[in-house]
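Please read the structure below before turning to the comments.
Numbering (our numbering), first residue to last: 36 to 211.
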């Protein structure tokens, strides 16, 4: 049950009890008292909601942290290997998996709820087979980089490429 559902249930209960008591006792002051209690509950709910928004940080939203003086995406319970989602709009790279802290965090997340077999002497991690790292964790629509890779020509001898001109010289293999 979410917080808003809980508040809704409490307000309905107080409202029904207040109406029933006001009808039974024939006292309109009870209805006014119920109205004041409902306003107080709504104010406290609004204050609590705004307090949670202030505490929430943007870095926690995307699992960002500084590792080796670089802002990167860290592993989470839902995404232990930091794969990009189709709907992700993040412009941050993943943390280096070879980093000892990140590797320990990944192993901790993957092995958190695994039933360990006492007879498994090779320590095979069953859950690590479920999650896998996708081959490309770069920005999905990196069109400029793709176009450069696809259409860029290497320097030729005509474009002041000294080493290319040297490589094009004929050498007789019989002499070597």
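Ideal placement from N, C-alpha and C gives every residue a C-beta, glycine not left out.
Predicted model only: the values in this text are computed from it and were never measured.
So what does DSSP say about residue i, is it helix, strand or coil?
i	result
residue 64	helix
residue 100	strand
residue 134	coil
residue 183	helix
residue 93	Any reading at residue 93 is ruled out, since the residue's pLDDT is 47, under 50, leaving its predicted position unreliable.
residue 43	helix
residue 120	coil
residue 212	No statement about residue 212 is possible, as the shown extent of the chain runs from 36 to 211 and does not include it.
residue 114	coil
residue 80	helix
residue 74	helix
residue 58	helix
residue 205	coil
residue 210	coil
residue 139	helix
Between residue i and residue j, how many whole angstroms is the CB-CB distance? I'm expecting something under 8 Å.
i	j	result
residue 72	residue 49	6 Å
residue 108	residue 137	Going by Cβ atoms, the distance from residue 108 to residue 137 rounds to 10 Å, so no, they are not a contact pair.
residue 98	residue 111	5 Å
residue 45	residue 67	That belief does not hold up - the Cβ atoms of residue 45 and residue 67 are roughly 19 Å apart, past 8 Å.
residue 216	residue 56	With the chain covering only 36 through 211, there is no way to say anything about residue 216.
Short of 6 Å in beta carbon distance, which residues of its chain neighbour residue i, apart from the five on each side in sequence? Order them along the chain.
i	result
residue 79	none
residue 38	none
What is the residue span of the beta strand (DSSP E) that residue i lies within?
i	result
residue 108	105 to 108
Beta-carbon within less than 7 Å of residue i's beta-carbon, same chain only, minus the 5 sequence neighbours each way: which residues are those?
i	result
residue 129	107, 108, 117 and 172
residue 40	none
residue 63	57
Report all residues from its chain with a CB closer than 8 Å to the CB of residue i; omit the five preceding and five following residues, and keep chain order.
i	result
residue 52	69
residue 141	110, 115, 116 and 132
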